[in-house]
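**Student:** When we follow this note's numbering, the leftmost residue of the sequence shown carries the number 0, and every step to the right adds one. What follows is a structure written as structure tokens; I'll ask about it next.
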Amino acid sequence: MNDIVHKSFKDKQNTMPMPVELGTGSKHMLLDRILSLIPSGANINSCFNCGACSSGCPASGLSDMDPRLFVRMLSMGMDEEIMTSDWVWMCTTCNRCVHVCPMQIDIPGLVLFIRNNWPEEKRPRGIVDYCSLALEHESCSITNISSDDFKFVVEDVADDVRQTQQGFEQLNVPMDKKGAALFLSQSSRMPLTEPSEMAPLWKIMHLAGADWTYGSKGWAAENYCMFLADDTAWEKLVATKAGVVDKLGCKVLVNTECGHDFFAVRQGLEKFGISHSFEVKSIIEYYANWIREGRLKVNSDWNLDLKIKFTVQDPCQLVRKSYGDFIADELRFVVKEAVGEENFIDMYPNRSNNYCCGGGGGAIHTDFVRERLSYGKIKLEQILETGAAYCITPCNNCHSQILDLSRHFKAGFKTIHLWTILCLAMGVLGKNERKYLGKDLAGVDHKKRII
Ligand code: SF4
Ligand code: SF4
Ligand code: SF4
Numbered sequence: 000m001n002d003i004v005h006k007s008f009k010d011k012q013n014t015m016p017m018p019v020e021l022g023t024g025s026k027h028m029l030l031d032r033i034l035s036l037i038p039s040g041a042n043i044n045s046c047f048n049c050g051a052c053s054s055g056c057p058a059s060g061l062s063d064m065d066p067r068l069f070v071r072m073l074s075m076g077m078d079e080e081i082m083t084s085d086w087v088w089m090c091t092t093c094n095r096c097v098h099v100c101p102m103q104i105d106i107p108g109l110v111l112f113i114r115n116n117w118p119e120e121k122r123p124r125g126i127v128d129y130c131s132l133a134l135e136h137e138s139c140s141i142t143n144i145s146s147d148d149f150k151f152v153v154e155d156v157a158d159d160v161r162q163t164q165q166g167f168e169q170l171n172v173p174m175d176k177k178g179a180a181l182f183l184s185q186s187s188r189m190p191l192t193e194p195s196e197m198a199p200l201w202k203i204m205h206l207a208g209a210d211w212t213y214g215s216k217g218w219a220a221e222n223y224c225m226f227l228a229d230d231t232a233w234e235k236l237v238a239t240k241a242g243v244v245d246k247l248g249c250k251v252l253v254n255t256e257c258g259h260d261f262f263a264v265r266q267g268l269e270k271f272g273i274s275h276s277f278e279v280k281s282i283i284e285y286y287a288n289w290i291r292e293g294r295l296k297v298n299s300d301w302n303l304d305l306k307i308k309f310t311v312q313d314p315c316q317l318v319r320k321s322y323g324d325f326i327a328d329e330l331r332f333v334v335k336e337a338v339g340e341e342n343f344i345d346m347y348p349n350r351s352n353n354y355c356c357g358g359g360g361g362a363i364h365t366d367f368v369r370e371r372l373s374y375g376k377i378k379l380e381q382i383l384e385t386g387a388a389y390c391i392t393p394c395n396n397c398h399s400q401i402l403d404l405s406r407h408f409k410a411g412f413k414t415i416h417l418w419t420i421l422c423l424a425m426g427v428l429g430k431n432e433r434k435y436l437g438k439d440l441a442g443v444d445h446k447k448r449i450i
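In structure tokens:
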């Protein structure tokens, strides 16, 4: 977009908060299509230019754009400017703008609409390739891991745990177990690049006495087609997963610490009317219940003297966009049990009002790295304000992005998975499962205090 036009347009907006006057005709092709395709036109007609969306959007200012301006430009038929701004790929579809918008205007829905209309050859390769790869494989994985590879890696790591970790000699990692109560999804990142990170999760399932299984098909917890707004592909991935879970007769598809796939599956089942006989739940619900029932003997004694401080990231795909505050409260219960209530410091704002870290919407796999890190500065400030030494991230995308933020800005705090701190607080965290811990925790064992 021409800078001069843009700046004068912005100045005009700042001084003239007028109601949008909608037009029609060739200049308004995008608007016309939105009004005809999206239910209620995503409420775009109701915008009264208050700016609440922009004030709380971490993507405001990137590519000289913000959500209010975006809605305004769409309404005014500035199609060319919209279609030449990369901003739609920097918005993480985190829904914070919708959360604060008095008119409930579906800005991420509009963003996805524009993405869907983007010239194919100009879409970010990372998102496009990950969608294509997932469609090619019965695993639904964004990697080339075959069913046999997945089974091999799982069995190899399980074997190592059985041989080297006391108390887990009988560890069983079920695969394609018919009639298991729980079907666990698994981020491809683990079997591909850090297989030993799967072991803490299995040990939790083992200690809880859970009746669960992986599937050799449909196991991958990712859906980048959703970020392309490619409904046909999104539906295909969800239908494949649903078919696998139903064929095995599992009652619950349990999402293991991945925000976007949780949303993609749960929303996809409803949006596309995919018939299924199971529920979709986050593993955080199970962690919390198993602790309450005494099945997971988590306690925070290891931190009595250390007093190491922790904060937690609320994944917006899981909290704001799916469960609401219930799951955020369950998350806090689990974390406080593991680290001690006095050692937990919340970010502000939090729960459904939390800021996205900047890794969502596929942004973690685009070339807009500088913009992604800039987006994350609000999250970085939030974490630093807590003074916590650790940020717990129960979502793989949040984990990657917050890890990047800490490293890039040399912020000093560590970023860990929820399963890591749970196993540490049960005294069962293996030596090669401590990759993300700092020196202060690398040698801590709950039972012996120090290894
Ligand atoms: S918060 Fe809603 S009404 Fe206000 S400017 Fe943003 S989209 Fe328009
Ligand atoms: S969805 Fe999130 S990143 Fe996108 S415009 Fe709304 S607040 Fe900003
Ligand atoms: S990366 Fe995390 S915080 Fe950002 S949209 Fe995804 S789940 Fe939400």
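Glycine included, C-beta positions come from ideal geometry on N, C-alpha and C. Quantities reported herein were computed from a predicted structural model and do not represent experimental measurements.
Considering just the uninterrupted stretch of the beta strand (DSSP E) at residue 273, what are its terminal residues?
**Tutor:** Position 274 of the sequence shown holds residue 273. Residue 273 -> no beta strand (DSSP E), and no H or E assigned at all.
**Student:** With which residues is residue 278 paired in a DSSP beta bridge?
**Tutor:** Looking up residue 278 in the sequence shown gives position 279. 251.
**Student:** With a cut-off of 8 Å on the beta carbons, I'd call residue 219 and residue 138 a contact; round off their distance for me.
**Tutor:** Indexing the sequence shown from 1 puts residue 219 at position 220. Indexing the sequence shown from 1 puts residue 138 at position 139. About 5 Å separates the two Cβ atoms, so the contact holds.
**Student:** Let me check understanding here. Comparing Cα to Cα, which of 435, 374 and 385 lies closest to residue 55?
**Tutor:** If you number the sequence shown from 1, residue 55 lands on position 56. Comparing Cα-Cα distances from residue 55 to each of 435, 374 and 385, the minimum goes to 374.
**Student:** In this structure, how does DSSP classify residue 218 when only helix, strand and coil are distinguished?
**Tutor:** Here residue 218 corresponds to residue number 219 of the sequence shown, with the count starting at 1. Looking at residue 218 - three-state DSSP - the assignment turns out to be coil, as it is neither helix nor strand.
**Student:** What's the C-alpha gap between residue 225 and residue 438?
**Tutor:** The residue labelled residue 225 in the question sits at position 226 within the sequence shown. The residue labelled residue 438 in the question sits at position 439 within the sequence shown. Approximately 39 Å, taken between the alpha carbons.
**Student:** Between residue 432 and the rest of its own chain, which residues show a CB-CB distance below 8 Å, the 5 nearest in sequence each way excluded?
**Tutor:** One-based indexing of the sequence shown puts residue 432 at position 433. Hits under 8 Å: 195, 196, 198, 199, 419 and 422.
**Student:** Do you know whose CA, among 135, 157 and 391, lies nearest residue 435's CA?
**Tutor:** Indexing the sequence shown from 1 puts residue 435 at position 436. Of the candidates 135, 157 and 391, the one whose C-alpha sits nearest the C-alpha of residue 435 is 391.
**Student:** As a quick check of your reading: which residues have a C-beta less than 7 Å from at least one non-hydrogen atom of ligand 1, in chain order?
**Tutor:** Cβ-based neighbours of ligand 1 within the cut-off: 45, 46, 47, 48, 49, 50, 51, 52, 53, 66, 67, 70, 96, 99, 100, 101, 102, 104 and 106.
**Student:** Going by other Cβ atoms of all chains shown within 10 Å of its Cβ, with 16 needed for buried, is residue 396 buried or exposed?
**Tutor:** Mapped onto the sequence shown, residue 396 falls at position 397. Residue 396 should be labelled buried.
**Student:** Using the C-alpha atoms, what's the distance from residue 212 back to residue 147?
**Tutor:** Walking along the sequence shown from the start, residue 147 turns up at place 148. Walking along the sequence shown from the start, residue 212 turns up at place 213. Rounded to the nearest angstrom, the two C-alpha atoms are 16 Å apart.
**Student:** Rounded C-beta distance between residue 62 and residue 89? I'm assuming under 8 Å.
**Tutor:** Numbered from its first residue, the sequence shown carries residue 62 at position 63. Numbered from its first residue, the sequence shown carries residue 89 at position 90. At roughly 6 Å, the Cβ-Cβ gap stays under 8 Å, so residue 62 and residue 89 are in contact.
**Student:** Ligand 3 and residue 407: does the residue's C-beta get closer than 7 Å to at least one heavy atom of that ligand?
**Tutor:** As a first step, residue 407 must be located in the sequence shown, where it is residue number 408. Answer for residue 407: no, Cβ out of range of ligand 3.
**Student:** Are at least three pairs of beta-carbons, each pair with one atom in the stretch 110-119 and one in the stretch 336-345, less than 8 Å apart?
**Tutor:** Short answer: they don't touch.
**Student:** Let's test the definition: count the other Cβ atoms within 10 Å of the Cβ of residue 491 and tell me whether it reaches 16, buried, or not, exposed.
**Tutor:** Coverage of the chain is limited to positions 0 through 450, which leaves residue 491 absent and any answer about it impossible.
**Student:** Within 10 angstroms of the Cβ of residue 240, are there 16 or more other Cβ atoms? Answer buried if so, exposed if not.
**Tutor:** Indexing the sequence shown from 1 puts residue 240 at position 241. Buried, by the Cβ-count rule.
**Student:** Could you check whether the Cβ of residue 249 sits closer than 7 Å to any heavy atom belonging to ligand 2?
**Tutor:** Residue 249 sits at position 250 when you count from the first residue of the sequence shown. No, ligand 2 has no heavy atom inside 7 Å of this Cβ.
**Student:** Please confirm whether any heavy atom of ligand 3 lies closer than 7 Å to the CB of residue 451.
**Tutor:** Within the shown structure, residues of the chain are numbered from 0 to 450, placing residue 451 beyond reach of any answer.
**Student:** Tell me the rounded alpha-carbon separation between residue 348 and residue 49.
**Tutor:** Counted from its first residue, the sequence shown places residue 348 at position 349. Counted from its first residue, the sequence shown places residue 49 at position 50. For residue 348 and residue 49, the distance between alpha carbons rounds to 21 Å.
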